[in-house]
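*Asks:* Structure below; questions to follow.
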Amino acid sequence: MYTNGDRIMVSKRIQKALLGNSAIRAMFVEGKAMAEKYGAENVYDFSLGNPATPAPAALNNSIRDLLDEADKKGALGSLELHGYMENAGYKDVREAIAENLNKRFGTAFDGQNIVMTVGAAGGLNIIFKTILDPGDEVIVFAPFFGEYRQYAANFDADIVTVNPDLRTFQPDLADFAAKITGKTKALIVNTPNNPTGVIYKPETMQAIAAILEKKQEEYGHDIYLISDEPYRELVYDGNKEDFLTKYYKNTIVGYSFSKSLSLPGERIGYVVVPNEASDAEDLIRGIEISNRTLGFVNAPSLIQKAVARCLDEKTDVSFYDENRKMLYDGLTNLGFTCIKPEGAFYLWVKSPVDNEEEFVEEGKKLHLLMVKGSAFGCGGFVRLAYCVSHETIKNSLPAFAKLAEVYGLN
84 MYTNGDRIMV SKRIQKALLG NSAIRAMFVE GKAMAEKYGA ENVYDFSLGN
134 PATPAPAALN NSIRDLLDEA DKKGALGSLE LHGYMENAGY KDVREAIAEN
184 LNKRFGTAFD GQNIVMTVGA AGGLNIIFKT ILDPGDEVIV FAPFFGEYRQ
234 YAANFDADIV TVNPDLRTFQ PDLADFAAKI TGKTKALIVN TPNNPTGVIY
284 KPETMQAIAA ILEKKQEEYG HDIYLISDEP YRELVYDGNK EDFLTKYYKN
334 TIVGYSFSKS LSLPGERIGY VVVPNEASDA EDLIRGIEIS NRTLGFVNAP
384 SLIQKAVARC LDEKTDVSFY DENRKMLYDG LTNLGFTCIK PEGAFYLWVK
434 SPVDNEEEFV EEGKKLHLLM VKGSAFGCGG FVRLAYCVSH ETIKNSLPAF
484 AKLAEVYGLN
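If you're matching positions, the sequence shown starts at 84 in this note's numbering and goes up one per residue.
The structure is reproduced here in structure tokens:
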């Protein structure tokens, strides 16, 4: 790091971010180094939610078709496909998404309710820029995706953590009600949840909405529920996809195609602002402006058009379900305590020792890469991302058996 005398030249905000850099990404990088040293087949990397299933064939075909259609139109076609558009995204794409949501969830959106985003992360940041002032508070249910901390810090807001029920990993609603203050501007709900895989059922969402309604009245200002939905379609055991705007009118939805279409590197998603939300028109315009002023400008043009043709497609959920069962059954049979996931593609495992970092380090000795629970605001557990090949799951179980022996579990 370049310094000027004793003065560090990067910003104080980045200095703080460097200290709290993503444990998930750090583990991913370490896994790559281990794979080069020992061979990828001998490293069991459960660190990153990087989908192993391919994008649907229809998505790849759509990209090819779009390029062919643009070529036939010549320079005009290239401009239409690769040029700038409104900061909110292509009008026809937003209208297609609105129509698809209406068909699936009984909503009443049109294209004006949709803003195309640079993935879910871009979506959360433009929402935060639009609604947050310095010193505002954003409530999260532990355990939670650790980057929420950084996204809130980008706008000098604070994260407030609500404790979970440690048996079910549903939120402690009494703690939630107690944590809402006059500074509370938003709550983030992530269901199916990363890292636990639990789903917040309708009765839970109704209780959350009732608390928010009461607290809005008590404090005399709006509190937004931000529904972070990258795993919406990844549900098991008869659970149904849900859409949270029906529970609470001040709900803003952030969505990503990263998991549903296995497109994490394409960075494509959208934000939905219902007309029922307070100041909906200003919210939408503010989110559009934030898309530009944060430097995203607009979501990637080609992939916008491609996903609009594939809105009824989704990744092979049965692939993840097979991994889920194999890993959950394998680890519980070895004596580990796990929360059985109902959605997403993560397994939340209780550490056999209080300090889960020790457990993570023991795992590394056996080439098992797990992410510490404290990275998600909940120590004493580890997260395993089972969006890997079937072979990785199967081949990892003997290493987990050795790890269980270390702690006398079997």
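All residues carry an ideal CB built from backbone N, CA and C; glycine is no exception. Quick caveat: nothing in here was measured; it's all calculated off a predicted structure.
To which residues of the same chain is Gly202 closer than 7 Å at the C-beta, ignoring the five residues directly before and after it?
*Replies:* Ser339, Ser341, Arg350, Ile351 and Gly352
*Asks:* What is the rounded straight-line gap between the Cα of Tyr411 and the Cα of Cys421?
*Replies:* 7 Å
*Asks:* Mind the definition here: the stretch 424-440 touches the stretch 461-474 only if three or more C-beta pairs lie below 8 Å; say whether that holds.
*Replies:* yes
*Asks:* Which first and last residues belong to the alpha helix (DSSP H) in which Thr287 is found?
*Replies:* Pro285 to Tyr302
*Asks:* Would you kindly work out how many angstroms separate the C-alpha atoms of Tyr319 and Thr200, rounded to a whole number?
*Replies:* C-alpha separation (whole angstroms): 27 Å.
*Asks:* Extract the residue ranges of the alpha helix (DSSP H) inside the stretch 157-205, only unbroken runs of 4 or more that lie entirely within it.
*Replies:* 158-165 and 174-188
*Asks:* Do Leu486 and Gly446 count as a contact pair if the criterion is CB distance below 7 Å?
*Replies:* In this structure, Gly446 lies near Leu486, with their beta-carbon atoms less than 7 Å apart.
*Asks:* When you compare only the Cα positions, how much space is there between Arg407 and Gly463?
*Replies:* 21 Å
*Asks:* Count the CB pairs spanning the stretch 389-409 and the stretch 140-150 that are closer than 8 Å, and state whether there are at least three.
*Replies:* yes
*Asks:* For Pro139, which three-state DSSP category applies?
*Replies:* coil
*Asks:* Which class does Ser361 belong to by DSSP, given the choice of helix, strand or coil?
*Replies:* coil
*Asks:* Who are the near neighbours of Asn125 in its chain, counting only those whose CB is closer than 7 Å to its CB and skipping five residues on each side?
*Replies:* Excluding sequence neighbours, Asn125 sits near His450.
*Asks:* In whole angstroms, what is the alpha-carbon distance linking Ile476 and Lys268?
*Replies:* 41 Å
*Asks:* What are the boundary residues of the beta strand (DSSP E) that includes Glu220?
*Replies:* Glu220 to Phe224
*Asks:* Ignoring anything shorter than 3 residues or poking outside the stretch 320-358, list the beta strand (DSSP E) runs there in chain order.
*Replies:* Whole beta strand (DSSP E) segments, 3+ residues: 334-339 and 352-355.
*Asks:* With DSSP collapsed to three states, give me the class of Lys266.
*Replies:* DSSP places Lys266 in coil when its eight states are reduced to three.
*Asks:* Straight-line CA distance for Asn196 to Leu346?
*Replies:* Each residue's CA atom was taken as its position, placing Asn196 and Leu346 some 23 Å apart.
*Asks:* Within 6 Å: the Cβ of Tyr307 and any heavy atom of the ligand COA?
*Replies:* What this structure holds is no ligand at all, so the ligand COA is not there to describe.
*Asks:* Per the contact definition of three or more C-beta pairs closer than 8 Å, is the stretch 298-315 in contact with the stretch 248-258?
*Replies:* no
*Asks:* Do Thr244 and Val223 have their beta-carbon atoms positioned less than 7 Å apart in this structure?
*Replies:* A Cβ-Cβ contact shorter than 7 Å links Val223 with Thr244.
*Asks:* What separation, rounded to the nearest whole angstrom, lies between the Cα atoms of Ile209 and Val355?
*Replies:* 12 Å
*Asks:* Rounding to the nearest angstrom, what Cα-Cα distance links Ala482 and Arg187 in this structure?
*Replies:* 43 Å
*Asks:* Work out the CA separation of Leu270 and Tyr85 for me, nearest whole Å.
*Replies:* Note that Tyr85 has pLDDT 49, beneath the 50 cutoff, so the model's placement of it is unreliable and the number below is only indicative. Straight-line Cα distance between these residues: approximately 39 Å.
*Asks:* To the nearest angstrom, report how far apart Met92 and Lys99 are at their CA atoms.
*Replies:* Cα-Cα distance, rounded: 13 Å.
*Asks:* Between Ile146 and Ala389, which are expected to be in contact by the criterion C-beta below 8 Å, what is the C-beta distance as a whole number of angstroms?
*Replies:* 5 Å
*Asks:* My assumption, with CB atoms under 8 Å, is that Glu439 sits in contact with Ser457. Please give the rounded CB distance.
*Replies:* 7 Å
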